[in-house]
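With the working numbering, you'll find the sequence shown wraps up at 165, consecutive numbering, no jumps. Positions of the beta carbon are idealized from the N, C-alpha and C atoms, including for glycine. Quick caveat: nothing in here was measured; it's all calculated off a predicted structure. Here the structure is laid out as structure tokens; the discussion comes afterwards.
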Amino acid sequence: MATKNSKATPTKGLDSRIADNKKAFFNYAIEERFEAGMVLEGWEVKALREGKVQLTDGYVVIRSGELFLIGCQINALHTASTHISPDAVRTKKLLLHKDEIRRLIGKVEQKGYTLVPLNLHWKNGKVKCELALAKGKAEHDKRDTIKDREGKREVERVMKSRHR
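The following block contains the structure:
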């Protein structure tokens, strides 16, 4: 699920998260991470500042040598302008260097990898999307992830009660 920060305002030189895709870490084994710029409209940037975004169902596709983010929902503010019609699930173009895109195309087409958005964040006043080259986890791998998480939680609980 994507988390919504209240007032995730961009600050010059300071990184801050807008939304996370926690489901991606559960459903996929992350191999490699990339940071891409995003082509956004003005109303989308304003909505992102307010944290009105859901990244959970988002995925990245490659069309004619370009990357596009599909399924990322940015909900318009109620104060959006009247002369535009905001589309919450508009396909957004991602910006990467050509060499990186060529490498990603090769891996996605040949080796069964997929591109998954991990988070949206501010970097030097611009919105960036961290995406990952990932392989889907099998059902037993997901069960192992749950088991490990519960084990860590139990250890923390015991350690916390021991210090009291």
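Which listed residue (the options) has its alpha carbon closest to that of residue i
| i | options | result |
| --- | --- | --- |
| E51 | E110, N120 and I19 | I19 |
| T57 | V156, L132, K136 and R158 | L132 |
| K136 | C130, R144, K108 and N120 | K108 |
| V40 | T146, T92 and F26 | T92 |
| N120 | N28, C73 and K47 | C73 |
| A89 | D100, N76 and T80 | N76 |
| K24 | S17, I106 and T146 | T146 |
Alpha-carbon spacing of residue i relative to residue j, whole angstroms
| i | j | result |
| --- | --- | --- |
| E148 | D142 | Before going further, note that residue 148 is Lys rather than Glu in the sequence given. Cα to Cα, the separation comes out at about 10 Å. |
| E36 | E67 | 15 Å |
| R144 | I31 | 17 Å |
| G152 | S162 | 16 Å |
| K1 | E42 | The chain is shown from 2 up to 165; residue 1 falls before or after that span and cannot be answered. |
| S86 | Q111 | 39 Å |
| L78 | E45 | 9 Å |
| N22 | P118 | 7 Å |
Residues bridged to residue i (per DSSP)
| i | result |
| --- | --- |
| L70 | V61 and K93 |
| V128 | W123 |
| E33 | L134 |
| P118 | L132 |
| G38 | L96 and K129 |
| I85 | In the DSSP output, where bridge partners are listed per residue, I85 has none listed. |
Residue i at chain D interface by Cβ criterion, 9 Å
| i | result |
| --- | --- |
| T115 | No chain D is part of this structure, which consists of one protein chain only. |
Residue i - containing alpha helix (DSSP H), residue span
| i | result |
| --- | --- |
| G152 | E140 to R163 |
| N22 | It is not in any alpha helix (DSSP H) - N22 carries neither H nor E in the DSSP assignment. |
| A48 | G43 to R50 |
Cβ neighbours of residue i in the same chain (closer than 7 Å, five flanking residues each side left out)
| i | result |
| --- | --- |
| K127 | G38 |
| L97 | F35, A37 and L68 |
Same chain, Cβ closer than 8 Å to residue i, neighbours up to 5 away in sequence not counted
| i | result |
| --- | --- |
| V62 | L68, F69, I71 and L116 |
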